[in-house]
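Numbering (our numbering), first residue to last: 56 to 662.
What follows is one structure encoded as structure tokens, with my remarks underneath.
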Amino acid sequence: MSYRQTLEFLLYQWLDAEALNQRTRFADHSRETFDAVLETCERIAREKYAPFNRTVDIEEPRFDGEQVILPQATYEAQKAYAASGMLSAAQDYEIGGMQLPYTVESAANSFFAMASISIGSGMLTSGNANLLMAHGTPLQKEVFARNEFAGRFSGTMCLSEPQAGSSLSDIATRAVPDGTDFEGDPLGPRYRLTGNKMWISAGEHELTGNIIHLVLAKIPGPDGKPVPGTRGISLFIVPKKLVDTQGHLTGERNDVALAGLNHKCGWRGTTNTLLNFGEGKYPVRGGAGAIGYLVGRPGDGLRCMFHMMNEARIGIGMAATMLGMAGYRASLDYAKNRPQGRPIGPAGKDSAKPQIRIIEHADVKRMLLAQKAWCEGSLALQLYCARLVDEQHTGSPQAADEARLLLEVLTPIAKSWPSEWCLEANSLAIQIHGGYGYTRDFPVEQYWRDNRLNMIHEGTHGIQALDLLGRKVLMENGAGLALLADRIGNTIDRARRHPELTEFADQLEQALQQVGAATRAAWSTGQPSEALANAVPYMQAFGHTVLAWIWLDVALAALGTASDTANQGRLLATRFFFRYELPKIDAWLNVVQARDMTCADFPEEAF
Ligand SMILES: Cc1cc2nc3c(=O)[nH]c(=O)nc-3n(C[C@H](O)[C@H](O)[C@H](O)COP(=O)(O)OP(=O)(O)OC[C@H]3O[C@@H](n4cnc5c(N)ncnc54)[C@H](O)[C@@H]3O)c2cc1C
56 MSYRQTLEFL LYQWLDAEAL NQRTRFADHS RETFDAVLET CERIAREKYA PFNRTVDIEE
116 PRFDGEQVIL PQATYEAQKA YAASGMLSAA QDYEIGGMQL PYTVESAANS FFAMASISIG
176 SGMLTSGNAN LLMAHGTPLQ KEVFARNEFA GRFSGTMCLS EPQAGSSLSD IATRAVPDGT
236 DFEGDPLGPR YRLTGNKMWI SAGEHELTGN IIHLVLAKIP GPDGKPVPGT RGISLFIVPK
296 KLVDTQGHLT GERNDVALAG LNHKCGWRGT TNTLLNFGEG KYPVRGGAGA IGYLVGRPGD
356 GLRCMFHMMN EARIGIGMAA TMLGMAGYRA SLDYAKNRPQ GRPIGPAGKD SAKPQIRIIE
416 HADVKRMLLA QKAWCEGSLA LQLYCARLVD EQHTGSPQAA DEARLLLEVL TPIAKSWPSE
476 WCLEANSLAI QIHGGYGYTR DFPVEQYWRD NRLNMIHEGT HGIQALDLLG RKVLMENGAG
536 LALLADRIGN TIDRARRHPE LTEFADQLEQ ALQQVGAATR AAWSTGQPSE ALANAVPYMQ
596 AFGHTVLAWI WLDVALAALG TASDTANQGR LLATRFFFRY ELPKIDAWLN VVQARDMTCA
656 DFPEEAF
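Structural data, given as structure tokens:
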């Protein structure tokens, strides 16, 4: 079964994406237009991305003192992606978009993620432009977002600083009003920024005519000092090259300088940079200080940035999933072709017999099945979340609000679960290749290196877990968690009507109760230090429960035509997940439930 068939099953049979055409916004679309988008993206990914995945890994970006040098293939991939219209796929027709459902956009982008995750940085550009469409002024949308959608400019997100990663309230980049007329600039209130931003992806390159940095910085209060905490953070558009109100380059270079490139373990096709803002390397309009235009209101920066971060988190979940999927497919192919060993019969092995292929060994099947269950399950979760985004934007007020709530609770899982388990899938893909998997002659080690990033950026694993247990399951009096439990309950009820699924329905009901009980127990003393001491094991158990639900729901869709091998595979993957994976939650939840302080109280000197 091809990846395309898996994707189409989830999209059409399971999620009924075609039904979205009944919504006014998507009325011009049909199964044919959706398929055409998938077809185009699959082709571009096959021709312009996949053949160069190793090239961009080996020829990592370098700086010659003037410019960042990238392989030619990166330029070709960038051009083809922009020409496909995918940068503005979900946008209105009037601004050149396709009004494509996010579900289909997300599915189409999965081909690129699987072919070469790092060759393109389109996700950052469209995320940046989408944020401006939500929070920018009409002119900011026209000048910056539209040029990004057209592929003329590209975008970044500049949050992290050398001393402030997880703790964004500690950023030190400052923004001060630029002149007495600063509020009168048509592009938005104009400020001068100074500070250093670390880890900025796609922060410097020559792929596009301009780079639009979205930068978090603090405006000093009346006492001249930055306002402490996240309340003091504002958001600014800082173009690498200044533009006029028509979006044309004015010929002035802004005071944003590349301080250096970071040399990464993986994901090397995308430059990663330390940027100095306002150090005076490129004095502009009579002085040092990077010129930036305020987006939204002062102090509203983090709230605006979350628009991009939430989108990016689902995007990261899809990236992790597809790297896992790439490893799964490579190791499946290898296992079908590699002869090694003989079956053990009652009389031992018969060395006179030819060797069997490794896919015939139970342990290799276990490793393949684990990858299938993690990666295809995760793909289903990502598409489900994408479907919720469409519901949030185009559903009835009640459906939209429910989708919003569900996304609040599911986003940490959508980002973190594949970052952990599809990475584990990559490790098993290496294992299946034996020694060959540990060499650069096969692609699987690169998938692992590329995937290792995903537990780190966009909020580390630990930070996502704190967000889930410390905020998301409690918010609005637990309404998000209750709604999720309701949806899971609905799947359980439907599954109970099928004898072959009853066992799993019972098991899922039990898991759901355990998660609920652990959530209450964690918070029963009202002490965050106790409740959150085991936030990651909580997130692991929560994630496994969500994935068990997703698999049970997928199994319901597969039941009707269980006679075909693809659906048989889905039902068996469901069985695998319930028998080999879901039982793991007991160990994770035990420590949460007991508010176990073994780790939290461990004396530093005893390490
Ligand atoms: C390749 C790459 C690309 C990136 N791209 C971008 C980008 O484009 N834009 C951008 O702004 N940033 C980017 N980042 C930065 C990324 O978001 C940060 O690395 C991440 O937020 C973690 O920050 P840190 O590296 O400073 O680690 P730290 O915050 O120092 O964390 C170190 C460890 O401590 C743990 N920890 C920290 N605080 C807590 C806490 N309160 N409770 C429990 N555990 C905690 C973390 O979970 C982690 O395990 C990128 C990073 C990388 C590596």
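Each residue gets a CB set at the ideal place from its N, CA and C atoms; glycine is no exception.
*asked:* With three or more beta-carbon pairs closer than 8 Å as the criterion, would you say the stretch 125-133 touches the stretch 142-152?
replied: no
*Check whether the Cβ of residue 359 sits closer than 7 Å to any heavy atom of ligand 1, and report yes or no.*
no
*asked:* Please classify residue 342 as buried or exposed, where buried requires at least 16 other C-beta atoms within 10 Å of its C-beta.
replied: exposed
_Residue environment, residue 488, which counts as buried when at least 16 other CB atoms sit within 10 Å_ = buried
*Got a sec? Which residues, its chain only, sit under 6 Å from residue 478 by beta carbon, not counting five neighbours each side?*
506
*Quick one: residues in its chain with C-beta nearer than 6 Å to the C-beta of residue 202, no 5 flanking neighbours on either side, listed in chain order?*
208, 302
*Does the Cβ of residue 319 lie closer than 7 Å to at least one heavy atom of ligand 1?*
yes
*Can you check whether the CB of residue 270 is closer than 8 Å to the CB of residue 354?*
no
*Look up residue 88 in the DSSP assignment and give the residues it is bridged to.*
Its beta-bridge partners do not exist; DSSP assigns none.
_Once DSSP output is grouped into helix, strand and coil, what is the label at residue 513?_
coil
_Minimum C-alpha distance to residue 223 - residue among 338, 231, 357_ = 357
*Say yes only if the C-beta of residue 654 is nearer than 7 Å to one or more non-hydrogen atoms of ligand 1, and no if none qualify.*
no
*asked:* When you compare the CB positions of residue 615 and residue 367, do they come within less than 8 Å of one another, or not?
replied: no
*Closest by CA to residue 431, which one among 612, 605, 291, 237?*
605
*So which of 191, 140, 70 has the shortest CA-CA distance to residue 359?*
191
*Touch test, the stretch 569-584 against the stretch 493-510, Cβ-Cβ under 8 Å, three pairs minimum*: no
*Is it right to say residue 135 is buried, meaning 16 or more other beta carbons lie within 10 angstroms of its own, or is it exposed?*
buried
*Helix, strand or coil: which one does DSSP assign to residue 188?*
helix
*With residue 604 as the anchor, note down where its alpha helix (DSSP H) starts and where it stops.*
590-614
*Opening and closing residue of the beta strand (DSSP E) in which residue 348 lies*: 345-350
*asked:* Is any non-hydrogen atom of ligand 1 found closer than 7 Å to the C-beta of residue 254, if you look at the structure I gave you?
replied: yes
*Can you give the Cα-Cα distance for residue 248 and residue 237, rounded to whole angstroms?*
13 Å
_ligand 1 and residue 221: does the residue's C-beta get closer than 7 Å to at least one heavy atom of that ligand?_
yes
*Could you say if the stretch 585-596 and the stretch 641-657 meet the contact criterion of at least three C-beta pairs nearer than 8 Å?*
yes
*asked:* Please list the terminal residues of the continuous alpha helix (DSSP H) segment that includes residue 281.
replied: Unbroken run through residue 281: none, as it is neither H nor E.
*asked:* Quick check: residue 384 and residue 104, are their CB atoms within less than 8 Å of each other?
replied: no
*asked:* Distance check for residue 381 and residue 169, CA to CA, integer angstroms please.
replied: 6 Å
*Express the C-alpha separation of residue 309 and residue 340 in angstroms, rounding to a whole number.*
9 Å
_Three-state class that DSSP yields for residue 136 in the structure shown_ = helix
*Would you say the stretch 328-338 touches the stretch 465-485, given that touching needs at least three Cβ pairs under 8 Å?*
no
*For residue 235, does the three-state DSSP call read helix, strand or coil?*
coil
*Could you work out which residue in 351, 77, 467, 363 is closest to residue 527 when comparing CA atoms only?*
467
*Are at least three pairs of beta-carbons, each pair with one atom in the stretch 262-280 and one in the stretch 288-298, less than 8 Å apart?*
yes
*From this set, 639, 449, 501, 655, which residue's C-alpha is nearest residue 76's C-alpha?*
449
*Would you kindly work out how many angstroms separate the C-alpha atoms of residue 153 and residue 408, rounded to a whole number?*
59 Å
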